[in-house]
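Undergrad: This is the structure I want to talk about, given as structure tokens.
Numbering (our numbering), first residue to last: 337 to 708.
Shown next, in the form of structure tokens:
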């Protein structure tokens, strides 16, 4: 059921402002039936304009989609292949989709037989608070929805964490480390027998913290996938963590995510590939060479997908990349990153955005959703 989803993309080549571009993009959306998720990628001029545009997207979605209105995730990242890009996720035709709200927060439930999927999108923090405070507040909202739906926090299989100025240091606290500490405290509320979620932690500009999650229950099997060439991020040594820890913790927290998550059903399987970069063991590679970093990153992704194929060989001989995002740190590296992606992943739709990676020396990060 659940992972029989499809992705569609709308790109607006050029437009005078965000609102016009967003309206233009929505006019090209073919259907809203069984729409689960909308992610909008566009640069933000300021936090104030970001919040204004978020309100605008909510109003437009409600007006155009009515009962099928979903929360929009406005990701404040400059799109490199267009002025604005929209990623839409749809459920398959046999599932039942329910649109719900809690405390003004919209979320989506998908049901089929004994299976259930929960999607929460567009949860933003208060930019006047620290990253730690924003994270705690957003996680509290997530916990409330999970409690209402009687779902375990450990049912999260995919999480996106958009962190403003991700590598910035403030009073010896690093933004990314502050988020990791808050996430660890949230995750401690449950056990993770099937592994942590697949996840992306990536930078944004002129926006508050933003988190999206997908959770699942009732599927046949769920496995974390490991890359033998990389140490799992959740067991990194303290040597690669930056900034001081939060007072409530004994030590700095590692990033709690798996390299990829394999979801197996009777009729097929899918892999959520986490945000992946040119890291060997726990050390960054190919410094100052975006093309080489992209090649290494795709090697890692192919390794993870091959691991998934080895466990589900009866479904597909060739993996099908449904969705790929490439986060590029420097605008000047966009062309070479795109050239490598098009060579290595021919015909695959890729969203290219400008974003800071979780380490200053990393120039590109790539994530994927793959049917196997």
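Ideal Cβ placement from N, Cα and C applies to all residues, glycine included.
By the three-class DSSP mapping on this structure, what secondary structure does residue 396 have?
TA: Reduced to three states, the DSSP call for residue 396 is helix.
Undergrad: Which complete beta strand (DSSP E) runs does the stretch 379-443 hold, if anything under 3 residues is left out?
TA: As far as the stretch 379-443 is concerned, its whole beta strand (DSSP E) runs of at least 3 residues are 408-412, 420-426 and 432-438.
Undergrad: Where does residue 534 fall in DSSP's three states?
TA: If DSSP states are grouped into helix, strand and coil, residue 534 belongs with the strands.
Undergrad: Which partner residues of residue 448 appear in the DSSP bridge assignment?
TA: Paired residue(s): 451.
Undergrad: What does DSSP give as the partner residue(s) for residue 628 in the beta ladder?
TA: DSSP, once it has assigned bridges, lists no residue as partnering residue 628.
Undergrad: With three or more C-beta pairs closer than 8 Å as the rule, is the stretch 481-495 touching the stretch 572-591?
TA: No contact exists between the stretch 572-591 and the stretch 481-495.
Undergrad: Taking the alpha-carbon of residue 480 as reference, which of 558, 673, 525 and 511 has the nearest alpha-carbon?
TA: Answer by Cα proximity: 525.
Undergrad: Mind the definition here: the stretch 429-438 touches the stretch 376-396 only if three or more C-beta pairs lie below 8 Å; say whether that holds.
TA: They do not touch, by the three-pair rule.
Undergrad: For the alpha helix (DSSP H) that contains residue 738, what are its first and last residues?
TA: It is not possible to answer for residue 738, since the shown part of the chain is limited to 337 through 708.
Undergrad: Decide if residue 667 is buried, meaning its Cβ has at least 16 other Cβ atoms within 10 Å, or exposed.
TA: By the 10 Å Cβ count, residue 667 comes out exposed.
Undergrad: Classify residue 367 as buried or exposed, calling it buried when 16 or more other Cβ atoms lie within 10 Å of its own Cβ.
TA: Exposed: under 16 other Cβ atoms inside 10 Å.
Undergrad: Grab the span of the beta strand (DSSP E) containing residue 548 for me, first residue to last.
TA: Start and end: 546-553.
Undergrad: Have a look at 415, 512, 535 and 344 and flag the residue whose alpha-carbon is nearest the alpha-carbon of residue 371.
TA: Closest option to residue 371, Cα to Cα, is 344.
Undergrad: Find the nearest neighbour of residue 633 within the set 419, 648 and 612, judged by alpha-carbon distance.
TA: Per the Cα distances, 612.
Undergrad: So for residue 611, helix, strand or coil by DSSP?
TA: Reduced to three states, the DSSP call for residue 611 is strand.
Undergrad: Going by CA-CA distance only, name the one from 662, 690 and 693 that's closest to residue 678.
TA: Nearest of 662, 690 and 693 to residue 678, Cα basis: 662.
Undergrad: Does the stretch 437-454 come close enough to the stretch 551-568 to have 3 or more Cβ pairs within less than 8 Å?
TA: Touching, yes, given that three or more Cβ pairs across the two stretches are closer than 8 Å.
Undergrad: For residue 301, name the three-state secondary structure that DSSP assigns.
TA: The structure shown does not extend to residue 301, since the chain spans only 337 to 708, so no value can be given for it.
Undergrad: If you follow the beta strand (DSSP E) that residue 695 is part of, which residue opens it and which one closes it?
TA: No beta strand (DSSP E) contains residue 695, which DSSP labels as neither H nor E.
Undergrad: In the structure shown, what three-state DSSP assignment does residue 623 receive?
TA: Note: residue 623 maps to coil in three-state DSSP.
Undergrad: In the DSSP assignment, find the unbroken beta strand (DSSP E) run with residue 588 in it and report its ends.
TA: Taken as a continuous stretch (DSSP letters only), residue 588 belongs to no beta strand (DSSP E), as it is neither H nor E.
Undergrad: Just reading off the beta strand (DSSP E) that residue 474 is part of, what are its end residues?
TA: That residue, residue 474, is in no beta strand (DSSP E); its alpha helix (DSSP H) goes 467-484.
Undergrad: Would you grab the beta carbon distance between residue 376 and residue 348 for me? Rounded to a whole angstrom, and I think it's under 8 Å.
TA: Not a contact, Cβ separation roughly 10 Å.
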